């Protein structure tokens, strides 16, 4: 009985230690000051990339990634060229029988005014 409990506990710990999020330590285009580039400030943006885990350990859908969150933020304004003052955070929401892990990108969108 003690062995079964130990195996079950070890299995749960191994499964809970798995993280499928794809964090990145990069931003493809970001600057702290873009006034000299001739780009217009379009507004503040938030981008999200989330993955749900059924029963807290079984991933459903594509893994959360920084790249997808950046692209989601850029899509908020059609003519976005780059993001500035970028912050990357991750959040976990826990519900009954599931959890949702999200990577959140916030920043300022800059781009052209052409339509």
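In my numbering, the protein residues as written are 3 to 117. Just so you know, even glycine gets a beta-carbon here, dropped at the ideal spot from N, CA and C. Note that the structure is predicted; figures quoted are calculated from it, not measured.
**Report entry** Buried versus exposed call for residue 72 [16 or more other C-beta atoms within 10 Å across all chains shown]
**Finding:** buried
Report task. Could you pull out every residue in the same chain whose Cβ sits closer than 8 Å to the Cβ of residue 89, ignoring the five residues on either side in sequence? Result -> 107, 108, 109
Query raised in the report: To which residues of the same chain is residue 19 closer than 8 Å at the C-beta, ignoring the five residues directly before and after it?
Result: Residue confidence is low: residue 19 scores 46 on pLDDT, short of 50, so the model does not pin down where it sits. No coordinate-derived value is stated.
**Report entry** beta-carbon residue 107 near the ligand FMN non-hydrogen atom, thresh 7 Å
**Finding:** Questions concerning the ligand FMN fall outside what the structure shown contains, since it holds no ligand whatsoever.
Query raised in the report: Cβ atoms of residue 114 and residue 41: under 8 Å apart, would you say?
Result: yes
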